[in-house]
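Chemist: Counting from 1, position 69 in the sequence shown corresponds to residue 69 in our numbering; the numbering is continuous, with no gaps.
Cβ atoms here follow ideal geometry from the backbone N, Cα and C, with glycine treated the same way.
Computed from a predicted model, the values in this text were never measured in an experiment.
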Amino acid sequence: MELAGKAIHYDDQLTDEQLAELHKNYQDLWDKLKTLEFTTAKQQLQVLYQEPDNIRNYEAGFYTLQIRYINDTHHFDQFAIIVNNRSTFNDSKDEIVLELSQFDNWAALEKAAMTAASDWCDKMKK
């Protein structure tokens, strides 16, 4: 994958220009993931997005698809999507880690994220 016209490799330190492009891509992915949000009589899905406070050094985007159950404040299900360029420990079936350098381009990464999110949503809809 390239960011700001420069190929990135696993565990690279990204330039300011690459981080700026990555930040824009993360916002675009969040907008796409939000298209999956829904509300039914029993459930409500919301897509949350978090990034580190220090944008100059950040490379990770954290997305959480969270289903809350109407009239049950303590019951919810969630699916996490973590996008970065470093290895991240994950051991949950309700979590996926997408490493930037494993994809040819942003569109391919976005497709993987949307497919995983859509599959999880379809499984969880009741």
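Over the uninterrupted beta strand (DSSP E) stretch that includes alanine 80, give me the two end residues.
Modeler: Its beta strand (DSSP E) spans residues 72-84.
Chemist: Looking at the structure shown, is glutamate 17 part of a helix, part of a strand, or coil, going by DSSP?
Modeler: Residue state, collapsed to three classes: helix.
Chemist: Look up tyrosine 69 in the DSSP assignment and say whether it is helix, strand or coil.
Modeler: Looking at tyrosine 69 - three-state DSSP - the assignment turns out to be strand.
Chemist: Express the C-alpha separation of leucine 22 and glutamate 59 in angstroms, rounding to a whole number.
Modeler: Approximately 7 Å, taken between the alpha carbons.
Chemist: With three or more C-beta pairs closer than 8 Å as the rule, is the stretch 114-124 touching the stretch 24-39?
Modeler: Touching, yes, given that three or more Cβ pairs across the two stretches are closer than 8 Å.
Chemist: Using the beta-carbon count (16 or more within 10 Å), is alanine 113 buried or exposed?
Modeler: Under this definition alanine 113 is a buried residue.
Chemist: Provide the residue span of the beta strand (DSSP E) that contains leucine 48, from first to last.
Modeler: Its beta strand (DSSP E) spans residues 43-50.
Chemist: Between which two residues does the alpha helix (DSSP H) containing leucine 109 stretch?
Modeler: Element bounds for leucine 109: 106-124.
Chemist: From the DSSP output, which residues share a beta bridge with glycine 5?
Modeler: DSSP, once it has assigned bridges, lists no residue as partnering glycine 5.
Chemist: Using a threshold of 8 Å, state whether the C-beta atoms of tyrosine 69 and glycine 61 are closer than that.
Modeler: Not in contact: tyrosine 69 and glycine 61 (Cβ atoms no closer than 8 Å).
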